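J.:
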Amino acid sequence: MFTTIESFIQEYQMESATTQQLLDTLTDASLNQIQADGYRPLGYIAWHLVHAERGMLYGTGLEFESPAAVSVPPAEAAVIAEAYRTTTQNILGAIRTQWTDEKLQDVVTMFGMPWTISTTLYSFLKHEIHHRGQLTILMRQAGLPVIGAYGPAKEQWAAIGRPVPTL
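Here the numbering used here runs 21 ahead of the position in the sequence shown, where the first position is 1.
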């Protein structure tokens, strides 16, 4: 868990930069990519990364601007990428100005359970990472390149002078 605002900010900046790279790679056509019938398309998941923060972070009392959770995903990939960029900056600005390190130990009710704000921030990051994984699978299915978040993606091995791992 996080014990300082700065430790969260550093982690969130790193994770959101990775998410931003993926969102910047999306194309308008790719937004309709689905895993299978009845599943949410790539555009929905990408848009969820933009507005999902509202519920979890607003539940802590943090105030910042972001698109409404009930809004329809845009049909343009660039709009989604820019909205994520703006929301991320709004979150960081709000945390810097509204919270202190001590605030991280405040308890809030999240999903009907008592969580510290520190726990909420940790879960918030894990939630983003979870959906980013879904995003990369759908991006591959749509024929888009992906990046490695915690190590090279298949396409990146050659760029670092290493053979692509095989089965």
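Where a beta carbon is used, it is the ideal one built from N, C-alpha and C, also for glycine. Model, not experiment: these values are computed from the prediction.
With distance defined between alpha-carbon atoms, name the residue in Ala98, Pro62, Ile181, Leu113 nearest to Ser87.
T.: Residue Leu113 is the option with its Cα nearest to Ser87.
J.: Would you say Phe23 and Leu159 are within 8 angstroms of each other, going by their C-beta atoms?
T.: Contact flag unset, no.
J.: Please classify Thr121: is it buried, with 16 or more other beta-carbons within 10 angstroms of its beta-carbon, or exposed?
T.: Burial call: exposed.
J.: Cβ atoms of Thr40 and Tyr105: under 8 angstroms apart, would you say?
T.: Their beta carbons are under 8 angstroms apart, which means Tyr105 touches Thr40 by this criterion.
J.: Would Ala168 and Gln42 qualify as a contact pair, given that the criterion is a beta-carbon distance under 8 angstroms?
T.: Position check: residue 168 holds Ile in this sequence, whereas Ala was assumed. Yes. Within cutoff.
J.: Quick check: the stretch 95-109 against the stretch 43-56, are at least 3 beta-carbon pairs closer than 8 angstroms?
T.: Enough Cβ pairs lie closer than 8 angstroms, so yes.
J.: Given this structure, state the Cα-to-Cα distance separating Lys124 from Gly80, to the nearest angstrom.
T.: Their Cα atoms are separated by approximately 14 angstroms.
J.: Which class does Trp178 belong to by DSSP, given the choice of helix, strand or coil?
T.: It is coil, neither helix nor strand.
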